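A.B. asks:
Numbering (our numbering), first residue to last: 1284 to 1692.
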């Protein structure tokens, strides 16, 4: 694989009597060249197959171009009230093409070009009730385009001959002499997803405590989920759920304790479900409206106890993640069990110890109790014995150690 990424970032700030106006751009280009080479063909002599080591058997190129412009205004009509308005514009162009290589030629060469245009506004306000309390709220709209894998086949990819991209329409491109040159695709099955996000919260700060509570409600249209659609032959693909909801509460706290100790933590409880969703499973429509979306635990929490003096910063961290479903059916046999992990670590400020330049030693022991758990996974309806379906998991690392040295100038 060969990849090139380049871009331009610019920003202009204008401070005026009642706030700050920021204008900015982000322009970038990305191109990649993917290929596969033959290392060995087992049984080539017996089968009478001739080949050259290093010979390419597939080759495809991809290009992505991003043109982003944004405007952000922080307006303060009075000293304790700030109002934020933001407007974000983005144009994205995807270009993909398979090149003639090996058995890839004529009708086995696929190409497509897709454009996305997003206009995302955001509005928010924060009011400082006094020196300790503040309240805030905001509303935003955002959109996300499908990834490369969501524009190609769910099970295979562009390195598999005969596999077509996930598009509804195709045009055959001919050469001047009437032969097929390639297949040009348009109208992808998977559409961009759109989010309306509503948030509000309150914060409290004093010399000992720092507290924050945040409520959010996110309405998705066409959220991209597993098996959200089907191709023309009824095969399930990653696709769009008509309407989904992600809502919850996020709490965080930090308190300064005696003897240079500090206790901090955060807790979130969320509800993530399909408001309207019909899953396509090999031609069968399954209504999963109201079900929990796979991969989203209801509860996530972290707690850290830290001890800091001039030279040392030591900490113990406990993480907890609740149950997750492996698919969208809410089948209790297809879940990831809740897990908790204890990590220990510290930072030694060598600079203060020896009076040298900025020099810090970082040490960390993750999963010190050597717990066995899984962090993610999926359910395969055609896996397991006798094609009865099976759960597949990504196991977490056992006890592991990390050390690092930071040097500042």
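Ideal Cβ placement from N, Cα and C applies to all residues, glycine included.
Just so we're clear, the structure is a prediction, and the values are computed from it rather than from any experiment.
Does the separation of the CB atoms of residue 1677 and residue 1666 fall below 9 Å?
C.D. replies: no
A.B. asks: Quick check on the DSSP output: what are the complete beta strand (DSSP E) runs of length 3 or more inside the stretch 1376 to 1414, in order along the chain?
C.D. replies: 1393 to 1411
A.B. asks: Would DSSP call residue 1677 helix, strand or coil?
C.D. replies: strand
A.B. asks: Under 8 Å, with one C-beta from each stretch per pair, do the stretch 1521 to 1536 and the stretch 1451 to 1464 reach the 3-pair mark?
C.D. replies: The count of Cβ pairs closer than 8 Å, one atom from the stretch 1521 to 1536 and one from the stretch 1451 to 1464, stays below three, leaving the stretches out of contact.
A.B. asks: When you compare only the Cα positions, how much space is there between residue 1379 and residue 1472?
C.D. replies: 16 Å
A.B. asks: Can you give the Cα-Cα distance for residue 1490 and residue 1415, rounded to whole angstroms?
C.D. replies: Straight-line Cα distance between these residues: approximately 10 Å.
A.B. asks: Please report how far the alpha carbon of residue 1501 lies from the alpha carbon of residue 1530, in whole angstroms.
C.D. replies: Each residue's Cα considered, the two are about 6 Å apart.
A.B. asks: Return yes when the Cβ of residue 1417 is within less than 9 Å of the Cβ of residue 1486, no when it is not.
C.D. replies: Cβ distance < 9 Å, so residue 1486 and residue 1417 count as in contact.
A.B. asks: Using 8 Å as the Cβ pair cut-off and three pairs as the minimum, do the stretch 1492 to 1506 and the stretch 1431 to 1449 touch?
C.D. replies: no
A.B. asks: If you scan the stretch 1548 to 1628 from start to end, which runs of the beta strand (DSSP E) of 3 or more residues do you find wholly inside it?
C.D. replies: 1561 to 1564, 1567 to 1570, 1582 to 1591 and 1595 to 1604
A.B. asks: Kindly indicate which residue of 1427, 1588, 1573 and 1410 has the alpha-carbon position closest to the one of residue 1362.
C.D. replies: Ranking the options by Cα distance to residue 1362, first place goes to 1410.
A.B. asks: Excluding sequence positions up to five away, which residues of its chain have a Cβ less than 6 Å from the Cβ of residue 1576?
C.D. replies: 1555
A.B. asks: From residue 1629 to residue 1591, what does the alpha carbon distance come to, in whole angstroms?
C.D. replies: 9 Å
A.B. asks: Let me know if residue 1594 comes out buried or exposed under the rule of 16 or more other beta-carbons within 10 Å of its beta-carbon.
C.D. replies: exposed
A.B. asks: Buried or exposed for residue 1520, going by 16 or more other Cβ atoms inside 10 Å?
C.D. replies: buried
A.B. asks: Who pairs with residue 1456 in a beta bridge, going by DSSP?
C.D. replies: Under DSSP, residue 1456 forms a beta bridge with 1465.
A.B. asks: Should residue 1657 and residue 1620 be called a contact, given that it needs their Cβ atoms to be closer than 9 Å?
C.D. replies: yes
A.B. asks: Between residue 1644 and residue 1285, what straight-line distance do the alpha-carbon atoms span, to the nearest angstrom?
C.D. replies: 36 Å
A.B. asks: Measuring CB to CB, does residue 1586 end up less than 9 Å from residue 1607?
C.D. replies: no
A.B. asks: So for residue 1633, helix, strand or coil by DSSP?
C.D. replies: helix
A.B. asks: By the three-class DSSP mapping on this structure, what secondary structure does residue 1434 have?
C.D. replies: coil
A.B. asks: So, with DSSP's three-state summary, where would you put residue 1451?
C.D. replies: strand
A.B. asks: Would you mind working out which of 1647, 1646 and 1662 sits nearest residue 1615, comparing C-alpha positions?
C.D. replies: 1662
A.B. asks: Identify the residues that DSSP records as bridge partners of residue 1669: which are they?
C.D. replies: According to DSSP, which records beta bridges pairwise, residue 1669 is partnered with nothing at all.
A.B. asks: Under the assumption that residue 1476 contacts residue 1405 (Cβ atoms under 8 Å), give the Cβ distance between them as a whole number of angstroms.
C.D. replies: Contact flag wrong, Cβ pair sits at about 17 Å.
A.B. asks: Once the 5 residues before and after residue 1462 are set aside, which same chain residues still bring their CB inside 8 Å of it?
C.D. replies: For residue 1462, the CB contacts under 8 Å within the same chain, skipping 5 residues up- and downstream, are 1389 in chain order.
A.B. asks: Which residues in the same chain have their Cβ closer than 7 Å to the Cβ of residue 1646, if we skip the five residues on either side of it in sequence?
C.D. replies: 1628, 1629 and 1686
A.B. asks: Let me know the secondary structure DSSP gives residue 1653 once reduced to three states.
C.D. replies: coil
A.B. asks: Name the DSSP bridge partner or partners of residue 1348?
C.D. replies: 1312 and 1376
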